[in-house]
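So in numbering that gives the first Met the number 0, the last spot in the sequence shown is 318, and the numbers never skip.
Ideal Cβ positions, reconstructed from N, Cα and C, are used throughout, including at glycine.
Here the structure is a predicted model, which means the values were calculated and not measured.
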Amino acid sequence: MAVIPDSIPVPLKAAASALSLPIHEIDTFTGWTPPTSPNGHINLVIAVSFGLFVPPRILNGAKYGGLNVHPSLLPNFRGPAPLHHTLLAGETTTGVTVQTLHLKHFDHGVILSQTPPPGLDIPNPETCTVPELVDFVAPKGAQMLVETIDKGLFVPPIDNVGTEQVGQLKHAPKIVPEDRHINWANWTLADMNRRNRVIGPLWSKALCSSNPADGPLSFQYKRVIFTDTEEVDPPKGCDSFSILPGLPFTNAAHPVEPKKSRQLYVFTADGKVLRINRMKVEGEQDAEGLRAAIKARMFGDRAFQYEGRELTPFRNSLV
């Protein structure tokens, strides 16, 4: 029998169909009870990337309770996003764990089998993405699950083979949009590149002005998503901007019209310079960085002169 969260396409459904196994697609366990077979109730519940908490009444109804495959060396990276947080933490090794399903909490079961420390080397850890890490650990988790079942490690009395926790516990909470919100005061260029690679385009907020024909000038913060950035050498004369990470500027006077030689830049917390090639301002289409900033009226009222060059900052730092 295969139980699958509703509307989630997974290979398990195709495999279960090929084996003529009954399939149940649910979005909640409320009111749902596993069907019985001629041999009685189910013996074992197995949850892999399931997403729903299996309630005690289901686990207690199975002769041997339940098993779960988790892609980390538990208890580290306990939570719904272990692969993301493994990469975000800059880890170079990882592993998989087979544990029992706990009656009250996610990822708190007895560890029946686990990758031996120090774990498995992550392929190309500086460039590895979440899908690549999934492809790396999934076969190893499947093999460990099969071996755990074959050896009957879930049959009482069961042994906890987990290693003793050393140092501060690392958590893996759900990834939320705020995780992509740039912390200009603290994030280095490496931090930003890693987050962009692991969880997607980063964003911030910029102060934009509007000047309607029938009203006074007004200001509001709008979300800005950076869809294309790259590290570049600092433009001449921009040293003063390095003391305030997150204050974008352009190598042109104000007002300015976008030209090939005119670009949008910003310093990171470690003194590196990002060129903002493209960005999407809230309520607008994705566009070339400088053009998007001009359209959203993000610039200040004056330019700075340095060695015959003019540099124009935003009205305010990105927040």
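Cut-off 6 Å between Cβ atoms - residues of its own chain near residue i, not counting five sequence neighbours on either side
i: P81; result: P70, S71, A171
i: I41; result: P33, A61
i: N315; result: L206
i: T162; result: P116
i: T228; result: L273, I275
i: F218; result: L206, S208
Whole-angstrom distance between residue j and residue i, CA atom to CA atom
i: G166; j: G288; result: 43 Å
i: C127; j: L201; result: 18 Å
i: T187; j: F153; result: 45 Å
i: A268; j: V95; result: 35 Å
i: F370; j: N123; result: Outside the shown range of the chain (0 to 318) lies residue 370, about which nothing can therefore be said.
i: P10; j: A17; result: 11 Å
i: I275; j: S208; result: 20 Å
i: R194; j: R179; result: 7 Å
i: F135; j: K294; result: 44 Å
i: V97; j: V53; result: 16 Å
i: N185; j: L243; result: 11 Å
i: R261; j: T27; result: 54 Å
i: D190; j: W183; result: 11 Å
i: F319; j: I181; result: Summary: the structure shown does not reach residue 319, with the chain confined to residues 0 through 318, and so no result is reported for it.
i: K235; j: Y264; result: 12 Å
i: S36; j: R277; result: 58 Å
i: C237; j: N250; result: 9 Å
i: L216; j: N192; result: 36 Å
i: H84; j: V129; result: 10 Å
i: F248; j: E131; result: 36 Å
i: A137; j: K150; result: 20 Å
i: E226; j: E177; result: Checking the sequence shown, residue 226 turns out to be Thr, not Glu. Their backbone Cα atoms lie some 16 Å apart in a straight line.
i: N38; j: I25; result: 24 Å
Beta-carbon proximity of residue i to residue j, cut-off 9 Å
i: T93; j: I121; result: yes
i: G321; j: S203; result: Summary: the structure shown does not reach residue 321, with the chain confined to residues 0 through 318, and so no result is reported for it.
i: K173; j: A88; result: no
i: Y220; j: V68; result: no
i: D285; j: A291; result: yes
i: V175; j: L86; result: no
i: M143; j: A205; result: no
i: I148; j: L20; result: no
i: I57; j: V44; result: yes
i: G78; j: F105; result: yes
i: V231; j: K279; result: no
i: N59; j: L102; result: yes
i: G270; j: S239; result: no
Close Cβ partners of residue i (< 8 Å) along its chain, the five nearest in sequence each way excluded
i: I157; result: T99, V109, L111
i: E146; result: S112
i: E281; result: K221, R222, V223
i: E283; result: A291, K294, A295
i: Q164; result: P74, N75
i: G118; result: L72, T92, T93, G94
Close-in-space but distant-in-sequence residues of the same chain around residue i (CB under 7 Å, 5 per side omitted)
i: V133; result: L82
i: T91; result: D120, I121, P124
i: P233; result: V272
i: H107; result: H101
i: G199; result: R179
i: P55; result: L102
heavy atom of the ligand PLP below 8 Å from residue i C-beta
i: R290; result: In the structure shown, the ligand PLP is absent, as is every other ligand, since no ligand is present at all.
At least 3 beta-carbon pairs within less than 8 Å: the segment 29-37 vs the segment 66-76:
no
Where are the beta strand (DSSP E) runs, 3 residues long or more, that stay fully inside the segment 85-142, in chain order?
96-99, 110-113
Complete alpha helix (DSSP H) runs within the segment 140-225 (minimum length 4 residues, chain order)
188-198
Completely contained alpha helix (DSSP H) runs for the segment 8-66, where each covers 4 or more residues:
10-17, 55-59
Whole runs of the beta strand (DSSP E) within the segment 230-291, excluding any shorter than 3 residues
263-266, 272-280
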